[in-house]
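Novice:
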Amino acid sequence: MKATAGLCLGLLALAAVLAAGQDVSPNTVVTASEKRWWKGYNGGQPNKMTPEQIQKCFYSNTPYIPSGKGPDHGVPRTILSKCHYKPWTPKMHKCHSKSCYNPCPNPPPYVPTAWDYISNNPDMTTLTALLKLTGLNVKFEGCFAGTLLAPNNEAFAKLFAQMKVDILDPAYAAYAAAFATRIINYHTLIARVYARDVAAGVGSWPYTTLYGSINGEHRVRIKTININPICPRPNCTELYTFAQGEQGDSNVANFVAWDKLTYCGGVIHTINNVLLPDDVYPSLQALLAGKQLTTLTTVLTGIEAANPGFIQALEQTPATLALPTDAAFAAMPVGVPPKYYLDILQFHQCPVKAQDQLLYARFKSAFNPCLTGLGAAQNNNGLKLTYNYKDYGNDVVIPPAMKITYTSVPSVPGTSKIAMADITTPVGVSHIVEAVLIPPTVPLN
3 MKATAGLCLG LLALAAVLAA GQDVSPNTVV TASEKRWWKG YNGGQPNKMT
53 PEQIQKCFYS NTPYIPSGKG PDHGVPRTIL SKCHYKPWTP KMHKCHSKSC
103 YNPCPNPPPY VPTAWDYISN NPDMTTLTAL LKLTGLNVKF EGCFAGTLLA
153 PNNEAFAKLF AQMKVDILDP AYAAYAAAFA TRIINYHTLI ARVYARDVAA
203 GVGSWPYTTL YGSINGEHRV RIKTININPI CPRPNCTELY TFAQGEQGDS
253 NVANFVAWDK LTYCGGVIHT INNVLLPDDV YPSLQALLAG KQLTTLTTVL
303 TGIEAANPGF IQALEQTPAT LALPTDAAFA AMPVGVPPKY YLDILQFHQC
353 PVKAQDQLLY ARFKSAFNPC LTGLGAAQNN NGLKLTYNYK DYGNDVVIPP
403 AMKITYTSVP SVPGTSKIAM ADITTPVGVS HIVEAVLIPP TVPLN
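By the count of this note's numbering, the sequence shown reaches residue 447 at its end, each step adding exactly one.
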């Protein structure tokens with residue numbers, strides 16, 4: 003009780019010092035990004051939570067009792083009562099939506115933000131670095147009311163092992179930021195999802211994420227199963243909670259920590275694998291396998307045998323790619339000499355020199371039409387591809403029409419519909435097409 007009273011008096015004394023505009027302990031770190039959360043110190047700069055406070059809130063074995071689901075979660079009830087701290091209520095929030103990210107008050111005692119937890123967690127150093135790289139750390143420094151499925155270092159190590167390019171190389175910084183932004187947004191759920199709520203439910207539920215693309219909204223499934231069929235739900239202690247991405251049973255992540263509540267009621271669950279939507283892959287080879295482009299894989303293998311290093315160069319060269327389906331190869335004109343397969347594949351690639359030159363739908367770019375790899379190799383500026391996009395307005399029944407146009411045989415236009423657009427790999431974007439693009443330089447018998 004003496005220790006609790008001492009802590010209480012310390013908090014009140016700190017609040018008084020802040021209100022008076024006086025200096026504080028050298029251990030107190032002040033950041034400009036928190037100005038809007040707690041005013042009163044040195045012209046409006048707030049007090050940042052100390053490492054000791056973070057340790058007590060997140061890592062202490064002392065049981066903490068939440069007072070509702072607001073940012074006072076994790077503050078012992080004794081402190082709330084002894085210090086006369088009025089518990090947070092939804093009315094203090096500037097909006098009442100669970101998915102709202104608008105600022106809400108964070109009065110003393112300071113409640114840790116999602117960024118406090120992530121950046122001070124030794125098992126989330128990779129996530130911390132990626133958040134800084136993408137600039138998404140700002141989102142978590144303030145009011146966060148959603149759910150973050152936070153991959154730990156082990157999870158990112160597994161993802162990086164699947165890549166064929168060193169995404170952390172400074173030369174790829176812009177590509178890494180764009181790739182990581184998609185990954186992190188896919189792990190950020192709009193709704194608050196507590197592990198106890200999932201455990202009490204039946205089956206799995208698809209939760210909408212912040213990641214959206216031309217392919218629509220993207221979701222994550224969270225499920226709890228009972229590994230002991232005799233044990234009744236929800237009181238069973240042998241429950242197993244996991245999350246699943248859109249790439250099926252091969253993309254599952256186990257919960258290793260859960261229900262870390264933060265400022266504004268946000269919740270963080272730690273997972274041991276990186277989840278992936280159906281249009282983000284760690285490598286081109288993983289994309290070909292995931293989309294079952296078996297004929298293209300066979301063609302690439304044949305080209306690699308005659309040109310060692312071709313596939314590696316394809317993986318490591320930033321580019322926009324057109325990937326023909328199996329049906330496209332089956333419909334390819336008869337009589338194309340196999341020796342021209344390398345030229346044909348290079349005609350499907352548009353190398354770029356910067357990340358913003360990649361062609362994503364709606365294909366509005368100063369680099370569209372794009373010069374193909376074949377055109378660059380042959381110094382032929384006529385070997386280009388034009389990506390076309392037609393939107394039918396607000397009619398959600400009719401999807402946008404996308405196609406590639408080009409010159410096939412001399413002076414004869416060629417075209418191919420895009421079956422699926424905007425599939426992201428670490429340094430490129432791919433579009434699945436319904437026809438093989440035959441360049442005009444390839445003779446047809």
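Positions of the beta carbon are idealized from the N, C-alpha and C atoms, including for glycine.
Values in this document were obtained by computation on a predicted structure and should not be read as measured data.
Take Lys293 and list the residues in its own chain whose beta-carbon comes closer than 8 Å to its own, dropping the five residues that flank it on each side.
Specialist: Counting from one through the sequence shown, the residue named residue 293 turns up at place 291. Closer than 8 Å at the Cβ level, and outside the excluded window around Lys293, lie Leu325, Met422, Ile425, Ile434.
Novice: Please give the ranges of any beta strand (DSSP E) in the segment 277-326, keeping only runs that are unbroken, at least 3 residues long and fully inside the region.
Specialist: List check, beta strand (DSSP E) in window: 321-326.
Novice: Could you tell me whether the Cβ atoms of Val429 and Ile169 are closer together than 9 Å?
Specialist: For the purposes of this step, residue 429 is taken as residue 427 along the sequence shown, with counting starting at 1. For the purposes of this step, residue 169 is taken as residue 167 along the sequence shown, with counting starting at 1. It is a contact, given that the beta carbons lie within the stated cut-off.
Novice: With burial defined as no fewer than 16 other Cβ atoms inside 10 Å of the residue's Cβ, what is the status of Gln246: buried or exposed?
Specialist: Mapped onto the sequence shown, residue 246 falls at position 244. Answer is buried; the Cβ neighbour count reaches 16.
Novice: Closest to Gln357 by CA distance: which of Phe331, Ala321, Lys386, Cys145 is it?
Specialist: Within the sequence shown, numbered from 1, the residue matching residue 357 stands at position 355. For the residues Phe331, Ala321, Lys386, Cys145, the minimum Cα distance to Gln357 belongs to Ala321.
Novice: Let's test the definition: count the other Cβ atoms within 10 Å of the Cβ of Pro445 and tell me whether it reaches 16, buried, or not, exposed.
Specialist: Residue 445 sits at position 443 when you count from the first residue of the sequence shown. With fewer than 16 Cβ atoms within 10 Å of its Cβ, Pro445 is classed as exposed.
Novice: Would you be able to state if there are at least three C-beta pairs under 8 Å between the segment 207-222 and the segment 156-163?
Specialist: As far as the Cβ criterion goes, the segment 156-163 does not touch the segment 207-222, which means the pair count is below three.
Novice: May I ask you to list the residues that DSSP assigns as paired with Ala468?
Specialist: There is simply no residue 468 to check, as the chain begins at 3 and stops at 447 in what is shown.
Novice: Name, in chain order, the residues that DSSP records as bridge partners for Tyr408.
Specialist: On the sequence shown, residue 408 is found 406 positions in, with the first residue counted as 1. Beta-bridge pairing links Tyr408 to Gly416.
Novice: Roughly how many angstroms separate the alpha carbons of Ala437 and Thr407, rounded to a whole number?
Specialist: Indexing the sequence shown from 1 puts residue 437 at position 435. Indexing the sequence shown from 1 puts residue 407 at position 405. Their backbone Cα atoms lie some 11 Å apart in a straight line.
Novice: When the Cα atoms are used, what is the spatial distance from Phe365 to Val282?
Specialist: In the sequence shown, residue 365 corresponds to position 363, counting from 1. In the sequence shown, residue 282 corresponds to position 280, counting from 1. About 18 Å.
Novice: Tell me whether the segment 300-313 and the segment 335-349 touch, counting them as touching only if at least three CB pairs, one residue from each stretch, are closer than 8 Å.
Specialist: Output reads yes: the segment 335-349 touches the segment 300-313.
Novice: Mapping DSSP to helix, strand and coil, what is Val200?
Specialist: Along the sequence shown, one-based indexing puts residue 200 at 198. Three-state result, Val200: helix.
Novice: Helix, strand or coil for Gly268? Go by DSSP, reduced to three states.
Specialist: Numbered from its first residue, the sequence shown carries residue 268 at position 266. In the structure shown, Gly268 sits in coil (DSSP, three-state: anything other than H, G, I, E or B).
Novice: Which same chain residues, not among the five before or five after Asn253, have their C-beta less than 8 Å away from its C-beta?
Specialist: Here residue 253 is taken as the residue at index 251 of the sequence shown, counted from 1. Around Asn253: Gln246, Gly247, Asn275, Leu277, Leu278.
Novice: With distances taken from CA atoms, which of Ser121, Leu138, Leu151, Ala175 is nearest Ala193?
Specialist: Counting from one through the sequence shown, the residue named residue 193 turns up at place 191. Closest by alpha carbon: Leu151.
Novice: Taking its Cβ as the centre, do 16 or more other Cβ atoms sit within 10 Å of Cys213, making it buried, or is it exposed?
Specialist: In the sequence shown, counting from the first residue as 1, residue 213 sits at position 211. A quick correction: the sequence has Tyr, not Cys, at residue 213. Buried is the call here.
Novice: Which residue from Lys355, Leu302, Gly416 puts its Cα closest to that of Tyr177?
Specialist: For the purposes of this step, residue 177 is taken as residue 175 along the sequence shown, with counting starting at 1. Tyr177 has its Cα closest to that of Lys355, out of Lys355, Leu302, Gly416.
Novice: Could you pull out every residue in the same chain whose Cβ sits closer than 7 Å to the Cβ of Trp117, ignoring the five residues on either side in sequence?
Specialist: Here residue 117 refers to the residue found at position 115 when the sequence shown is read from its first residue. Counting only Cβ-Cβ distances below 7 Å, and skipping sequence neighbours, we find Asn139, Phe142, Glu143.
Novice: What number of angstroms, rounded off, separates the C-alpha of Phe331 from the C-alpha of Cys352?
Specialist: Walking along the sequence shown from the start, residue 331 turns up at place 329. Walking along the sequence shown from the start, residue 352 turns up at place 350. Their backbone Cα atoms lie some 20 Å apart in a straight line.
Novice: Candidates Pro442, Trp260, Glu306: which alpha carbon is nearest Val200's?
Specialist: The count along the sequence shown starts at 1 and reaches residue 200 at position 198. Nearest C-alpha to Val200: Trp260.
Novice: Can you name, in chain order, every residue of its own chain whose Cβ lies under 8 Å from the Cβ of Tyr343, other than the five neighbours on each side?
Specialist: Start at 1 with the first residue of the sequence shown, and residue 343 comes out as number 341. Val301, Gly304, Ile305.
Novice: Answer yes or no: do Ala288 and Ile273 have a C-beta to C-beta separation smaller than 9 Å?
Specialist: If you number the sequence shown from 1, residue 288 lands on position 286. If you number the sequence shown from 1, residue 273 lands on position 271. Not in contact: Ala288 and Ile273 (Cβ atoms no closer than 9 Å).
Novice: Using beta-carbon positions only, say whether Pro172 and Leu161 come within less than 9 Å of one another.
Specialist: Counted from its first residue, the sequence shown places residue 172 at position 170. Counted from its first residue, the sequence shown places residue 161 at position 159. No; because the gap between Cβ atoms is not below 9 Å, this pair is not in contact.
Novice: For Thr296, which of Leu135, Thr130, Asp328 has the nearest alpha-carbon?
Specialist: Position 294 of the sequence shown, counted from the first residue, corresponds to residue 296. Per the Cα distances, Asp328.
Novice: With DSSP as the reference, label Gly430 as helix, strand or coil.
Specialist: The sequence position of residue 430 within the sequence shown is 428, counting from 1. Here Gly430 sits in strand by DSSP.
Novice: Could you round the C-beta distance between Thr149 and Ala197 to whole angstroms and report it? I think they count as a contact, below 8 Å.
Specialist: In the sequence shown, counting from the first residue as 1, residue 149 sits at position 147. In the sequence shown, counting from the first residue as 1, residue 197 sits at position 195. So it is not a contact: roughly 10 Å between Cβ atoms.
Novice: Note down the Cα distance separating Pro441 from Val431, rounded to an integer number of angstroms.
Specialist: As a first step, residue 441 must be located in the sequence shown, where it is residue number 439. As a first step, residue 431 must be located in the sequence shown, where it is residue number 429. Rounded to the nearest angstrom, the two C-alpha atoms are 21 Å apart.
Novice: If Thr115 sits next to Thr299, beta carbons under 8 Å apart, how far is it from one beta carbon to the other, in whole angstroms?
Specialist: By 1-based counting over the sequence shown, the position of residue 115 is 113. By 1-based counting over the sequence shown, the position of residue 299 is 297. The pair is not a contact, with the Cβ atoms about 46 Å apart (cut-off 8 Å).
Novice: Pick from Leu385, Pro371, Asn370: whose alpha carbon is nearest that of Gly377?
Specialist: Taking the sequence shown and counting its residues from 1, one reaches residue 377 at position 375. Out of Leu385, Pro371, Asn370, Leu385 has the C-alpha closest to the C-alpha of Gly377.
Novice: Kindly identify the DSSP beta-bridge partner or partners of Trp207.
Specialist: What you label residue 207 is simply residue 205 of the sequence shown in a count that begins at 1. Per DSSP, Ile224.
Novice: Quick one: grab the DSSP three-state call for Glu436.
Specialist: Taking the sequence shown and counting its residues from 1, one reaches residue 436 at position 434. In this structure, Glu436 counts as coil in the three-state DSSP scheme.
Novice: Would you report the Cα separation of Gly250 and His271, rounded to the nearest angstrom?
Specialist: Mapped onto the sequence shown, residue 250 falls at position 248. Mapped onto the sequence shown, residue 271 falls at position 269. The straight-line gap from Cα to Cα measures roughly 21 Å.
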